[in-house]
Every structure is written in structure tokens, then in C-alpha cells.
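In this note's numbering, the protein residues as written are 1 to 444.
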């Protein structure tokens with residue numbers, strides 16, 4: 001059933017290895033409390049209160065709660081309860097730093113001529129899948145990010161739902177802090193004849209989630225609890241795919257602080273998968289070997305498809321005939337990476353203009369507080385690079401696979417994507433290879 005656009009206001013990634021907020025002296029710290037077992041005990045609030053904290057929010061499906069406390073002894077006190085599995089400060093994900101972005105000059109043609117600049121869409125053979133399946137609004141990809149500018153002509157036909165989750169009041173589903181989610185959404189499902197670009201699944205439905213907020217002294221961040229709330233909402237709405245172009249890092253073996261976050265994320269992924277939703281996430285932009293002690297959350301969590309980025313071989317090695325498939329210089333790698341997709345890359349030394357098309361071109365919105373308040377910010381286009389740009393290619397492919405066969409579960413969707421991927425050689429660099437949208441749809 002086609003979903004009508006719903007605007008929901010709900011009150012209450014990369015630069016560092018640890019992304020744990022430090023509260024001001026007069027501000028209580030936020031904690032993730034993971035209880036033993038997958039449910040919440042009936043006296044969860046009393047357990048938290050007895051340790052000197054206040055229950056803020058609950059995630060009963062995964063046995064997790066968010067609490068605040070000003071007591072430095074809160075975590076240790078709570079850990080003494082045999083009903084508590086782990087306690088840790090709530091993490092946040094910093095908005096990923098992207099490789100150089102460049103605004104697109106106004107084209108003189110429609111989307112299909114302008115599509116000539118979208119090397120990434122052609123590389124994953126999305127256009128070869130469209131005669132078989134270009135998607136429908138029966139299948140919805142949830143973009144958990146900074147929100148989607150649904151007034152963008154390329155996106156307006158396909159945005160069917162919007163919601164916002166933050167830890168602070170004044171939550172707007174419309175993007176009010178950054179263009180990131182709008183760019184990601186265009187790669188998934190920019191519509192036929194909407195404007196100047198085309199996505200992997202041009203007729204798929206899009207659900208917009210704004211989970212990022214501004215923290216003074218830190219920047220634009222998404223707290224884990226906001227992301228989890230969006231994931232739970234996507235499950236309640238019975239959406240089909242979740243894309244998360246975001247993330248942070250933990251060091252293995254896990255510290256007691258990080259056990260809580262990892263366990264909660266693992267339970268969340270398991271729950272979302274049980275609800276029939278495929279989870280896709282970016283592998284991270286730090287050029288890290290994920291076989292080492294560092295793990296990336298959420299992409300390394302079991303049940304999540306981790307997407308690494310490829311680029312065009314950088315200047316002065318020109319892109320034809322065989323220079324598309326190099327691991328992007330920033331992309332994390334290792335056995336944890338499931339599959340690869342174009343993320344764009346300028347290499348260690350940026351080539352001169354006009355080589356911005358080595359990046360990924362997609363939808364963009366020029367944000368300011370005035371236009372955000374009226375949900376009317378100026379729609380535009382931009383090139384950008386990052387695993388954030390790679391992940392939505394796979395999310396769009398997963399959406400088309402699911403649309404082709406709605407009975408597939410997340411494990412079957414992942415198996416089709418990995419079996420049909422085009423091998424690029426070293427699995428440590430590329431996972432199962434380049435996502436092949438046409439082959440995946442044909443196999444579904």
C-alpha cells in the first residue's frame with residue numbers, strides 16, 4: 001500500500017575513535033543501560049533510581065534503557081544489580097567528514113542526458129535493471145540521517161514518510177542542519193523525470209528520518225538513542241530497508257563502557273532483521289584495516305551489510321577504459337566489509353577542476369534556519385565522496401531486490417546481493433565485490 005507523507009515531530013562519524021559526549025558540569029550524563037535478557041524488568045525505573053539516576057527512555061524490545069545521572073558512581077552502582085548486563089555513557093555519531101564536495105552548475109538537459117555524469121549509477125548497472133524493475137512505493141527505503149528535503153524535484157515523487165528523533169526538543173523532520181541525508185536519498189531513489197538526476201531505484205519509496213542535532217563544542221551529531229528510535233519506528237511502519245550512512249568506532253576487546261553500546265546495537269540489528277528489514281551501513285572513512293583492534297558501529301555489527309567505497313583511479317590516471325574499480329583512498333577495509341559500491345575519490349592529491357565528477361553526484365539542498373522553518377530550502381545538486389555515498393547504492397539495490405520478491409528475508413536479500421556482486425579481486429579490499437543491481441534483480 002502506498003504510504004502517505006506523514007510529518008511527525010517527536011520530543012524527546014568519523015573524526016575520532018571514541019565518540020562519547022562529555023557533559024557540562026551542571027548537565028547530567030546520559031547512559032545506556034542494557035538489562036540481562038532481551039526485555040526490560042518491570043522495576044527498571046526503580047533500579048535506575050536507586051543507583052542515583054533517572055529513566056529517560058525505554059527500548060523494551062531490546063532490553064535497553066537510557067538514563068541520566070549527575071553521580072560519577074552511577075554506572076558502578078547500577079552494575080551491582082544482577083538484572084543489569086552492562087552500563088556505559090551514551091555514544092553519539094559525528095556527521096562523517098566527506099571528501100571534497102563541489103556544487104553542480106546548471107545543466108542544459110533533462111535527467112537522462114545529465115545522467116551521463118552519473119558514472120556511479122551506470123557502474124552498478126542500475127539502468128540495466130530498470131526494464132525488469134525500477135521499484136515501487138510498496139517498497140520503502142528508510143534513510144536514517146539528517147532528513148530529506150522532500151521539496152526537491154528529484155525526491156518529491158518518492159518521499160512517502162518523514163519523522164524526527166532527537167534528545168532535545170524542537171525536532172523537525174525537514175533537514176535543518178545539513179544536506180547529507182538529501183544527497184544520500186538521491187542516490188537511492190531520485191525519480192525519473194523529477195529533475196536532473198536518477199537514483200538506483202527511481203520508483204522506490206523513501207522514508208526520511210532526521211536524527212542529527214547540534215551539540216555546542218562538538219558539532220552535528222546523532223545520539224545512539226535517536227538512531228534506535230528511528231529504527232524502531234521504521235520497524236513499526238513495516239519499511240523494507242534501512243540505510244545508515246553514519247558511524248563511530250570502538251576498540252576490541254571492548255571496554256565495559258563499550259559493551260553496553262555494542263550489545264544494544266547487536267540486539268537492535270537482530271530485532272530489525274526479525275522484522276524483515278534489511279540494514280545497510282557505510283563502512284567508514286578512516287582508511288582503517290577493520291581486521292585490527294578497531295571496529296566500526298553500526299556497519300561491523302552482525303546483521304548489517306557493510307559497504308566499502310570505490311573510486312575512479314585518480315588524476316593523472318584518467319578514468320577510461322579500466323580505472324573505475326580502485327578502493328577509495330579513505331574507505332575502511334577488511335573482512336568486515338560485505339560489499340563495495342561507488343563512493344567517489346579524488347585520491348591523496350586532488351586533481352584540478354573539472355574533475356569533480358570523480359566524486360558522486362546527487363541531490364543537494366542549501367540549508368538555512370529560515371527556509372528550514374518553512375520546509376522550502378533551495379534544492380540543488382552536488383558532487384561528494386565518502387562511504388556515505390557508497391552505502392545508498394547497496395540500499396537501493398536491496399530495495400529493488402525486495403520489490404522484486406517481497407517474501408525475501410534480510411538474510412536472503414544479503415545473499416542475493418553478495419552472490420550476484422561483480423568480483424573485484426581481493427576480498428579484504430572489496431568484500432564480495434561491486435554491487436551489480438541488474439544481476440541482483442535478475443536473481444531475486
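Where a beta carbon is used, it is the ideal one built from N, C-alpha and C, also for glycine.
Legend entry - Proximal residues to residue 148 (C-beta, below 8 Å), its chain only, five neighbours per side dropped: As a first step, residue 148 is located in the chain shown; it is residue number 148 there, counting from the start. For residue 148, where only same-chain residues beyond five positions count, the Cβ hits under 8 Å are 155, 159, 162, 175, 181, 182, 185, 206, 208.
Legend entry - Where residue 90 falls: helix, strand or coil (DSSP): Locating residue 90 in the chain shown gives position 90, counting from the first residue. Coil, per DSSP.
Legend entry - Nearest residue (CA-CA) to residue 301, options 241, 46, 267, 70: Your numbering for residue 301 matches position 301 in the chain shown. For the residues 241, 46, 267, 70, the minimum Cα distance to residue 301 belongs to 267.
Inset, instruction - Can you tell me which of the three DSSP states residue 397 falls into? - result: The residue given as residue 397 occupies position 397 in the chain shown. In the structure shown, residue 397 adopts helical secondary structure according to DSSP, grouped into three states.
Legend entry - Option in 432, 428, 415 with minimal Cα separation from residue 422: Counting from one through the chain shown, the residue named residue 422 turns up at place 422. Comparing Cα-Cα distances from residue 422 to each of 432, 428, 415, the minimum goes to 432.
Legend entry - Any 3 or more C-beta pairs closer than 8 Å across the stretch 330 to 343 and the stretch 384 to 399: Short answer: they touch.
Inset, instruction - For residue 278, I'd like the list of residues in its chain whose CB is within less than 6 Å of its CB, leaving aside the five on either flank, ordered along the chain. - result: Taking the first residue of the chain shown as 1, we reach residue 278 at position 278. Counting only residues of its own chain and dropping the five nearest sequence neighbours on each side, residue 278 has a CB closer than 6 Å to the CB of 241, 398, 410, 413.
Inset, instruction - Check whether the stretch 210 to 222 touches the stretch 359 to 368, taking contact to mean three or more Cβ pairs, one atom from each stretch, closer than 8 Å. - result: Segments in contact, no.
Inset, instruction - Give the single residue among 128, 30, 393, 76 whose Cα lies nearest to the Cα of residue 256. - result: Looking up residue 256 in the chain shown gives position 256. Out of 128, 30, 393, 76, 76 has the C-alpha closest to the C-alpha of residue 256.
Inset, instruction - Just confirm the distance between the C-beta atoms of residue 65 and residue 33, as a whole number of angstroms; I'd bet it's less than 8 Å. - result: By one-based count along the chain shown, residue 65 stands at place 65. By one-based count along the chain shown, residue 33 stands at place 33. Contact holds; Cβ gap of about 5 Å.
Legend entry - Simplified DSSP assignment, three categories, for residue 222: Here residue 222 is taken as the residue at index 222 of the chain shown, counted from 1. It is a strand residue.
Legend entry - Classification of residue 203 by the beta-carbon crowding that lies within 10 angstroms, buried from 16 upward: Residue 203 sits at position 203 when you count from the first residue of the chain shown. Its Cβ being crowded by 16 or more others within 10 Å, residue 203 is buried.
Inset, instruction - Specify the secondary structure class of residue 342 as computed by DSSP and reduced to three states. - result: On the chain shown, position 342 is the one that residue 342 refers to. Looking at residue 342 - three-state DSSP - the assignment turns out to be strand.
Inset, instruction - Would you list, in sequence order, the uninterrupted alpha helix (DSSP H) runs of no fewer than 4 residues that lie entirely inside the stretch 118 to 158? - result: Runs of the alpha helix (DSSP H) inside the stretch 118 to 158: 119 to 123, 126 to 129.
Inset, instruction - Report yes if the CB atom of residue 55 is closer than 8 Å to the CB atom of residue 62, and no otherwise. - result: Here residue 55 refers to the residue found at position 55 of the chain shown. Here residue 62 refers to the residue found at position 62 of the chain shown. The Cβ atoms of residue 55 and residue 62 do not sit closer than 8 Å to each other.
Legend entry - Minimum C-alpha distance to residue 281 - residue among 260, 248, 84, 53: Position 281 of the chain shown, counted from the first residue, corresponds to residue 281. Answer by Cα proximity: 248.
Inset, instruction - Take the Cβ of residue 89 as the centre, count every other Cβ of all protein chains shown within 10 Å, and call the residue buried at 16 or more, exposed below. - result: The residue you call residue 89 lines up with position 89 of the chain shown. Buried is the label assigned to residue 89, since at least 16 other Cβ atoms lie within 10 Å of its Cβ.
Inset, instruction - Decide if residue 134 is buried, meaning its Cβ has at least 16 other Cβ atoms within 10 Å, or exposed. - result: Your numbering for residue 134 matches position 134 in the chain shown. Per the 10 Å Cβ criterion, buried.
Legend entry - residue 436 burial status per 10 Å Cβ neighbour count (16 or more: buried): In the chain shown, counting from the first residue as 1, residue 436 sits at position 436. By the neighbour-count definition (other C-beta atoms within 10 Å, threshold 16), residue 436 is a buried residue.
Legend entry - Residues of its chain near residue 336, where Cβ-Cβ distance is below 8 Å and the 5 sequence neighbours each way are ignored: Working through the chain shown from its first residue, we reach residue 336 at position 336. 283, 290, 291, 295, 296, 299, 300, 306.
Legend entry - Start-end ranges of the beta strand (DSSP E) lying completely within the stretch 157 to 228, minimum 3 residues: Taking only runs of at least 3 residues, the beta strand (DSSP E) segments lying wholly in the stretch 157 to 228 are 159 to 164, 205 to 210, 213 to 215, 219 to 223.
Inset, instruction - Look up residue 289 in the DSSP assignment and say whether it is helix, strand or coil. - result: Taking the first residue of the chain shown as position 1, residue 289 is located at position 289. Residue 289: strand per DSSP, three-state reduction.
Inset, instruction - Would you kindly check if the distance between the Cβ of residue 379 and the Cβ of residue 153 is under 8 Å? - result: Here residue 153 is taken as the residue at index 153 of the chain shown, counted from 1. Here residue 379 is taken as the residue at index 379 of the chain shown, counted from 1. Yes; because the gap between Cβ atoms is below 8 Å, this pair is in contact.
Inset, instruction - Just grab the DSSP bridge partners of residue 59 for me. - result: Taking the first residue of the chain shown as position 1, residue 59 is located at position 59. 64.
Inset, instruction - Give the single residue among 87, 376, 259, 245 whose Cα lies nearest to the Cα of residue 31. - result: Residue mapping note: residue 31 aligns to position 31 of the chain shown, counting from 1. For residue 31, the nearest C-alpha among the options comes from 87.
Inset, instruction - Starting from the Cα of residue 93, find the closest Cα among 145, 150, 346, 120 and give me that residue. - result: Working through the chain shown from its first residue, we reach residue 93 at position 93. Ranked by how close their Cα comes to the Cα of residue 93, the residues 145, 150, 346, 120 have 145 in first place.
Legend entry - Whole-angstrom C-beta distance between residue 52 and residue 68, which should lie under 8 Å: Locating residue 68 in the chain shown gives position 68, where the first residue counts as 1. Locating residue 52 in the chain shown gives position 52, where the first residue counts as 1. Rounded to the nearest angstrom, the Cβ distance from residue 68 to residue 52 is 10 Å, too far for a contact under 8 Å.
Inset, instruction - Please state if the CB of residue 391 and the CB of residue 172 are separated by a distance shorter than 8 Å. - result: In the chain shown, residue 172 corresponds to position 172, counting from 1. In the chain shown, residue 391 corresponds to position 391, counting from 1. No, Cβ-Cβ distance for residue 172 and residue 391 is not below 8 Å.
Inset, instruction - Could you check if residue 125 is buried or exposed, using at least 16 other CB atoms within 10 Å of its CB as the buried criterion? - result: For this step, residue 125 is matched to residue 125 along the chain shown. So residue 125 ends up on the buried side.
Inset, instruction - Just mark residue 374 as buried or exposed, buried being the case when its beta carbon has 16 or more other beta carbons within 10 Å. - result: Reading the chain shown from its first residue, position 374 is the one you call residue 374. Residue 374 comes out exposed.
Legend entry - Rounded C-alpha distance that separates residue 442 from residue 402: Counting from one through the chain shown, the residue named residue 442 turns up at place 442. Counting from one through the chain shown, the residue named residue 402 turns up at place 402. If you take the alpha carbons of residue 442 and residue 402, they lie about 12 Å apart.
Inset, instruction - Can you say whether residue 243 is buried or exposed, counting buried as having 16 or more other CB atoms within 10 angstroms of its CB? - result: Locating residue 243 in the chain shown gives position 243, counting from the first residue. The Cβ neighbour count for residue 243, taken over all protein chains shown within 10 Å, is at least 16; the residue is labelled buried.
Inset, instruction - Go ahead and pull the three-state DSSP assignment for residue 43. - result: The count along the chain shown starts at 1 and reaches residue 43 at position 43. If DSSP states are grouped into helix, strand and coil, residue 43 belongs with coil.
Inset, instruction - Could you work out which residue in 363, 362, 361, 311 is closest to residue 434 when comparing CA atoms only? - result: By 1-based counting over the chain shown, the position of residue 434 is 434. Nearest of 363, 362, 361, 311 to residue 434, Cα basis: 311.
Legend entry - Simplified DSSP assignment, three categories, for residue 269: As a working mapping, residue 269 is identified with position 269 in the chain shown. Helix.
Inset, instruction - Pull up the CB-CB distance for residue 358 and residue 344, whole angstroms please, since I reckon it's below 8 Å. - result: Taking the first residue of the chain shown as position 1, residue 358 is located at position 358. Taking the first residue of the chain shown as position 1, residue 344 is located at position 344. Indeed, because the Cβ distance is near 6 Å, the residues count as touching under 8 Å.
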